[in-house]
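Here the structure is laid out as structure tokens; the discussion comes afterwards.
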Amino acid sequence: MNRLKASKLDLLIYVGPALLLLLGIVYIPIVQTGYFGLMEWNGIGQKTFVGLENYLALLQDSKFWSSAYHSLILAGASIISLIFYLTISFVLASRIKGANLLRKIYLIPMLLASVAIAQLWMKIYNPSNGMLNMFLMKLGFENTPAWLGDANLALYAIIVPTIWQYAGFYILIYYAALKNVPESLVEAARIDGASSFQIALKIKLPLIMNVVKVTIVLAAVGSLKYFDLIYIMTGGGPSGSSEVMASYMYNTAFNKFDFGYGSAIGFFLLVICLVATFIIQRLTIADKDLY
Amino acid sequence: MPEVVAKKTSEHSFMQRIGKGVLYVILIGIAIIQLFPIYWLALFSLKNNYEIFNLSPLALPQELRFENYIKVWTEGNIATYFFNSIFYTVSAVILTILLASMVTFAITRLQWRGHKLVLGLFMLGLMIPIHSTLIPLFNTYTAIGLINHPLSLILSYTAFNMPVTIMILLGFYEALSHEIEEAAIIDGASIHQIFFRITLPMTAPVIATASIINMIYNWNEFVFVNTFISSDELKTLTVGIQNFIGQYSTDWGAIGATLMFSIIPILIIFLVLSDRIVEGIAAGSVKG
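Order-wise, the sequence lines are chains P and V.
Note that numbering that gives the first Met the number 0 gives residue 166 to position 167 of the first sequence, counting from 1, and the numbers run on in steps of one.
Note that numbering that gives the first Met the number 0 gives residue 246 to position 247 of the second sequence, counting from 1, and the numbers run on in steps of one.
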């Protein structure tokens, strides 16, 4: 540790601007969000202090709870799809030729703008001439659904592109973790007569469990914050059937101009995400000695 | 005895080959699923409505109708949106990389008490949902006149990308040898000379990786632009095409061409720099 001696002015120059931006654009606003949640406010006029009214109303707001429930379904689907991503990564990492190219191809959807992905899938789901229904009609189905316009289907129709979009991301992480498993352990198990399946399940999986746990919480937190596709594809509809917490917050504040109540939702979202972060840290610290 | 052994191994390898074949079919099948929607989009961007509505969705265009591309580029504001996207993206990337490099330098190389606390603040920032900051930011930017101003985006992108950028830079900085710096000190170099002349050039590879990741995030960003920018002159491609599509809701060829304008730059960069992109996403994976 031979750190360079720095004067106060040096520190101000090197740390000051970045820290100022972080505090001004990230940390001060989250405190303000909590504070604005105590106000009745339409975004333009006077703020009226109403105490915990917004927060209490939130607890009894069935629309909020159904949006939280939808976020939970999204999180559940994301976590279940991790099993699928993990399986693919095991196959890719097992000395398959072209694995590197394949995992790059898998990544492409993640690089595209959510607006483009949303519009593309809206076209795929289009009831009259989208790719999906044209395909179903060819197969002989007659009453093809209006995917995004159907309150029973809309949320699930949005889950499919999210699984599609993030596949490459999680496969990339798992692949990297599996490549880090020491070859000597795998060889030793093979000499002891373990099958590839046994090696995957009993040696490799426990060794990358740390990474798996992190991705579980990543998928969960990511789902809680999920916004872009839902806002563009359905706006939370039809009749709130695909509303999630972030879209409910956005619609409340920027479309219904109820900034006080929107702030309360935003603050709730923040608290949930930080609790999930805390869980990440607990999970990873507890298992550090595995490596 | 040797015959039996030989038979066993050949049976084994036969089964293995079938197994491998099945695995390849599955892996390539997934690759097709990942690419197919984009291929379909490219197809209909070259078709007219008659072909799209009456012929098979997978039929090749009867002729390559680049007229869709020309039409949306010249008729709408796509060109403006496109150059706005480039301007915001590049400005924010330069600012983010410079500030993040300076902080990372201070955290890893300079002697001061608060370096762990500051690092902790930046790392916790990774987990803060931008939606929870949106209302106060909108309020503040309105108050200081930054609504409908490029700075609202450039500053927000910089602040929110700083944590992940520092995370990518950090490992590289920690692995840098201190010997060159010590030699420079003996030669009488100041801290600023060390940072700008030695450290910054030495970190060029990781800067490239971090820049690409930043670039992809900024290019695709939606919520901030949608909230802070309402003037058509200042919108980016992502929000601009979203509104543009509203006007063209029935002209699928035009919509396809519009979307392709947002996708093509990313695909070109991906073809050229895929290794760096993979590296960057792996290094910054917490942002998800």
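C-beta atoms are modelled at their ideal positions from N, C-alpha and C, and glycine is treated no differently.
None of the values given here were measured: they were computed from a predicted structure.
{"Query": "Does residue 173(P) come within less than 7 Å of chain V when only Cβ atoms are used?", "Result": "no"}
{"Query": "Does residue 177(V) have its Cβ less than 7 Å from a Cβ in chain P?", "Result": "yes"}
{"Query": "Report yes or no: do three or more beta-carbon pairs, one from the region 263 to 281 of chain P and one from the region 146 to 153 of chain P, lie closer than 8 Å?", "Result": "no"}
{"Query": "Using the Cβ count rule (16 or more neighbours within 10 Å means buried), how would you classify residue 102(P)?", "Result": "buried"}
{"Query": "My assumption, with CB atoms under 8 Å, is that residue 85(P) sits in contact with residue 281(V). Please give the rounded CB distance.", "Result": "Not a contact, Cβ separation roughly 16 Å."}
{"Query": "Residue 5(P) versus chain V: which residues are under 8 Å apart at the beta carbon?", "Result": "105, 109, 110, 111 and 190"}
{"Query": "Nearest chain P C-beta to residue 4(V) closer than 7 Å, yes or no?", "Result": "Only weak support exists for where residue 4(V) lies, its pLDDT of 47 falling under 50; the coordinates are left without a value."}
{"Query": "With three or more beta-carbon pairs closer than 8 Å as the criterion, would you say the region 161 to 180 of chain P touches the region 97 to 113 of chain P?", "Result": "yes"}
{"Query": "Name the residue from 38(P), 44(P), 78(P) and 176(P) whose alpha carbon lies nearest to the alpha carbon of residue 223(P).", "Result": "78(P)"}
{"Query": "Return no unless some Cβ of chain P is closer than 7 Å to the Cβ of residue 155(V).", "Result": "yes"}
{"Query": "Measure the C-alpha to C-alpha separation of residue 203(P) and residue 274(V) and round it to an integer number of angstroms.", "Result": "25 Å"}
{"Query": "Who does residue 39(P) pair with in a DSSP beta bridge?", "Result": "47(P)"}
{"Query": "Which residues, taken in chain order from the region 229 to 244 of chain V, show a beta carbon closer than 8 Å to some beta carbon of chain P?", "Result": "236, 237, 238, 240, 241 and 244"}
{"Query": "Please name the residue or residues paired with residue 4(P) in a DSSP beta bridge.", "Result": "110(V)"}
{"Query": "Over the uninterrupted alpha helix (DSSP H) stretch that includes residue 168(V), give me the two end residues.", "Result": "149 to 174"}
{"Query": "Note down, in chain order, each residue of its chain lying with its Cβ closer than 8 Å to the Cβ of residue 118(P), except the 5 sequence neighbours on either side.", "Result": "231"}
{"Query": "Where residue 150(V) and residue 143(V) are concerned, what is the direct C-alpha to C-alpha distance, given to the nearest angstrom?", "Result": "11 Å"}
{"Query": "Could you check what DSSP says for residue 69(P) in three-state terms: helix, strand or coil?", "Result": "helix"}
{"Query": "Please tell me whether residue 272(P) and residue 220(P) are closer than 7 Å, where the distance is taken between their beta carbons.", "Result": "yes"}
{"Query": "Taking residue 121(V) as the reference, give the member of 108(V), 96(V), 164(V) and 79(V) with the closest Cα.", "Result": "164(V)"}
{"Query": "For residue 55(V), count neighbouring C-beta atoms within 10 Å of its own C-beta (all shown protein chains included) and say buried if the count is 16 or more, exposed if not.", "Result": "exposed"}
{"Query": "Taking the alpha helix (DSSP H) that residue 136(P) falls in, what are its first and last residues?", "Result": "130 to 137"}
{"Query": "Answer with yes or no whether the minimum CB distance from residue 59(P) to chain V is below 7 Å.", "Result": "no"}
{"Query": "At 7 Å on the CB atoms, spell out the chain P contacts of residue 180(V), in chain order.", "Result": "3"}
{"Query": "Do we get a CB-CB distance below 7 Å when we pair residue 215(P) with the residues of chain V?", "Result": "no"}
{"Query": "How would you list, in chain order, the residues of chain P whose beta-carbon sits under 7 Å from the beta-carbon of residue 135(V)?", "Result": "28, 31, 32 and 35"}
{"Query": "Among 126(P), 243(P) and 124(P), which has the Cα closest to the Cα of residue 226(P)?", "Result": "243(P)"}
{"Query": "Could you give the residue range of the alpha helix (DSSP H) that holds residue 160(P)?", "Result": "153 to 178"}
{"Query": "Just to confirm the assignment, what range does the alpha helix (DSSP H) spanning residue 293(V) have?", "Result": "As displayed, chain V neither begins before 0 nor continues past 287, which places residue 293(V) out of reach and without an answer."}
{"Query": "Check whether chain P comes within 7 Å of residue 88(V), counting only Cβ atoms and requiring the distance to be less than that.", "Result": "no"}
{"Query": "Tell me whether residue 15(V) sits in a helix, a strand or coil according to DSSP, three-state version.", "Result": "helix"}
{"Query": "Can you list, in chain order, the residues of its chain whose CB lies under 7 Å from that of residue 83(V), leaving out five sequence neighbours each side?", "Result": "233, 234 and 235"}
{"Query": "For chain P, check one thing: does any of its Cβ atoms lie closer than 7 Å to the Cβ of residue 130(V)?", "Result": "yes"}
{"Query": "Roughly how many angstroms separate the alpha carbons of residue 184(P) and residue 282(P), rounded to a whole number?", "Result": "24 Å"}
{"Query": "Looking at the unbroken alpha helix (DSSP H) that takes in residue 253(P), where does it start and where does it end?", "Result": "Element bounds for residue 253(P): n/a, residue is neither H nor E."}
{"Query": "Closest Cβ-Cβ distance between residue 124(V) and chain P: below 7 Å?", "Result": "yes"}
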